[in-house]
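First residue of the sequence shown? That's 5 in our numbering, and the numbers climb one at a time after it.
Yeah, the Cβ is synthetic: ideal placement off N, Cα and C, and Gly gets one too.
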Amino acid sequence: MTMASSKESPLATALSQLRRAIDQLKLSENDWNTLSTPRRILEVAVPLRRDDGRVEMYKGYRVQYSTTRGPSKGGVRFHQDIDLDETVALAMLMTWKCALANLPYGGAKGGVAVNPKTLSMTENERLTRRYTSEILPIIGPERDIPAPDVGTDERNMAWMMDTYSVNAGFSVPGVVTGKPIVLGGSLGRTSATGDGVAISVREALKIKGINPHGATVAIQGFGKVGYWAAVALENMGLKVVAVSDVNGGVTGFKSVADIHKHLLENGTVVGAPGTEKITNTELLHLPVDVLVPAALADAITESTANGIRAKIVVEGANAPTTPGGDAIMNEEGILVVPDILANSGGVIVSYFEWVQDKQNYFWSADEVKENLNSILMRAINEVSENASSKRVTWREAANMIGVGRVAEAHRLRGLYP
Ligand code: GLU
5 MTMASSKESP
15 LATALSQLRR
25 AIDQLKLSEN
35 DWNTLSTPRR
45 ILEVAVPLRR
55 DDGRVEMYKG
65 YRVQYSTTRG
75 PSKGGVRFHQ
85 DIDLDETVAL
95 AMLMTWKCAL
105 ANLPYGGAKG
115 GVAVNPKTLS
125 MTENERLTRR
135 YTSEILPIIG
145 PERDIPAPDV
155 GTDERNMAWM
165 MDTYSVNAGF
175 SVPGVVTGKP
185 IVLGGSLGRT
195 SATGDGVAIS
205 VREALKIKGI
215 NPHGATVAIQ
225 GFGKVGYWAA
235 VALENMGLKV
245 VAVSDVNGGV
255 TGFKSVADIH
265 KHLLENGTVV
275 GAPGTEKITN
285 TELLHLPVDV
295 LVPAALADAI
305 TESTANGIRA
315 KIVVEGANAP
325 TTPGGDAIMN
335 EEGILVVPDI
345 LANSGGVIVS
355 YFEWVQDKQN
365 YFWSADEVKE
375 NLNSILMRAI
385 NEVSENASSK
395 RVTWREAANM
405 IGVGRVAEAH
415 RLRGLYP
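Rendered as structure tokens:
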């Protein structure tokens with residue numbers, strides 16, 4: 005099956021990467037058939053009563069791509085552009101991501117096609133609760149564990165946990181991760197994805213022989229991932245020279261704290277006093293040591309990859325690079341740390357949260373940090389060694405490990421009946 009398509013879609017990208025991993029691992033067509041098919045898809049209509057009394061319908065999804073290595077796991081996205089194809093693609097990526105980090109999970113993703121910025125807090129709560137009710141039969145701590153993703157945060161997780169618990173008749177904190185601490189959330193979960201991105205940057209700099217002190221980094225996206233990555237990178241001694249959001253990018257700010265303060269007060273990083281405005285594409289092309297795409301899919305494409313001057317690209321977002329963009333970066337000798345490795349800090353600490361909820365025993369912030377570092381370092385070292393020994397890119401090496409683990413689990417479990 006070739007995935008040649010004139011329109012680049014995250015699903016086409018994910019399937020072509022899977023095909024390559026299957027070929028490189030010399031797996032069979034049976035493996036391709038098994039691994040290229042999502043196991044369970046639920047599409048729901050989510051009615052919302054707006055504050056003014058109007059009733060609107062939104063499309064919601066939950067895709068359980070795989071449950072072979074454990075319950076499925078993955079975020080819930082609120083974004084106007086999501087559709088089933090993208091949700092399947094992201095659920096597939098979660099599957100390889102969890103396997104690569106060796107977490108006892110399959111992969112899932114869900115979401116509602118809505119722009120959360122158009123919702124009041126009460127509307128957001130009603131939509132979250134109704135979406136949770138619609139997918140209730142297929143989620144649960146042993147089945148499928150949602151978490152935050154683009155457009156959702158710990159408030160949404162609190163409402164999801166409450167909706168599930170009210171229906172169960174008792175408190176079930178382990179049904180979602182990324183919850184507020186007082187409801188059974190984990191210390192360190194909020195910053196976990198960004199912390200993992202920073203660890204990936206640190207290790208990639210070592211490999212390229214670049215001193216982190218004074219090394220420069222540009223970050224596309226300044227949300228849950230980009231902001232916390234910026235904080236952690238600045239703490240490691242790097243200089244964050246540019247950040248951006250949907251309205252555009254800026255350079256020339258003094259510190260991450262300064263530009264974050266402007267964002268909190270004004271809703272955008274653009275327009276901070278003393279800064280210069282740049283476009284998102286200009287940000288991608290800045291002469292920096294490290295580029296971190298931490299926004300949405302398809303940021304680095306055949307048309308934008310050409311101007312990239314960074315030596316290292318660390319993918320904070322899911323699927324930010326198209327195959328065309330990837331090929332150009334590889335030709336240029338740019339070290340690309342792929343999404344399923346670079347942004348796995350989030351789901352790794354989600355796993356810690358789920359374990360803590362199961363045991364009703366909560367860890368210190370230091371324990372979370374140490375365990376995140378050791379799990380991620382193990383994955384980074386495995387990918388780096390695999391890339392060198394097989395002479396493949398880091399993306400290929402990461403996919404081979406993730407896909408290989410799921411294929412092996414399939415083989416060992418056998419096919420029922
Ligand atoms: N949404 C995050 C991701 O794409 C976290 C998922 C989770 O914690 O389950 O990896």
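Fewer than three pairs of CB atoms, one per stretch, sit closer than 8 Å, so the region 316-336 makes no contact with the region 357-366. Bridge pairing for residue 51: 61 [DSSP]. Taken through DSSP and simplified to helix, strand or coil, residue 120 comes out as helix. If you ignore the 5 residues before and after residue 334, its C-beta comes within less than 7 Å of the C-beta of 397, all in its own chain and listed in chain order. Contact annotation, residue 233 with residue 294: C-beta distance approximately 10 Å; criterion of less than 8 Å not satisfied.
When the beta-carbon positions are compared, residue 17 and residue 285 stay at least 8 Å from each other. The beta carbon of residue 228 sits closer than 8 Å to the beta carbons of 152, 157, 194, 197, 198 from its chain, once the five residues preceding and following it are set aside; these are given in chain order. Within the chosen limit of 7 Å, ligand 1 reaches the beta carbon of residue 354 through at least one heavy atom. For residue 420, the number of other beta carbons within 10 angstroms of its own is below 16, and it is reported as exposed.
For the pair residue 27 and residue 75, the CB atoms are not nearer than the 8 Å cut-off. Look at residue 227 here: in three-state DSSP terms it is coil, with no helix or strand label.
Apart from sequence neighbours up to five positions away, the residues of its chain that approach residue 246 with a beta-carbon distance below 6 Å are 222, 253, 255, 287, 290, ordered along the chain. Take the alpha-carbon of residue 248 and the one of residue 225: they are about 5 Å apart. Here the alpha carbon of residue 240 sits roughly 30 Å from the alpha carbon of residue 99. The nearest non-hydrogen atom of ligand 1 is less than 7 Å from the C-beta of residue 181. Counted as a single uninterrupted DSSP element, the alpha helix (DSSP H) harbouring residue 382 occupies residues 369-394. Distance from the CA of residue 171 to the CA of residue 143, rounded to the nearest whole angstrom, comes to 12 Å. Of 40, 137, 366, the smallest CA-CA separation from residue 66 is found for 137. Closest in C-alpha terms to residue 338, from the list 311, 406, 370, 62, comes 311.
With distances taken between CA atoms, residue 275 lies nearest to 251 out of 251, 261, 314.
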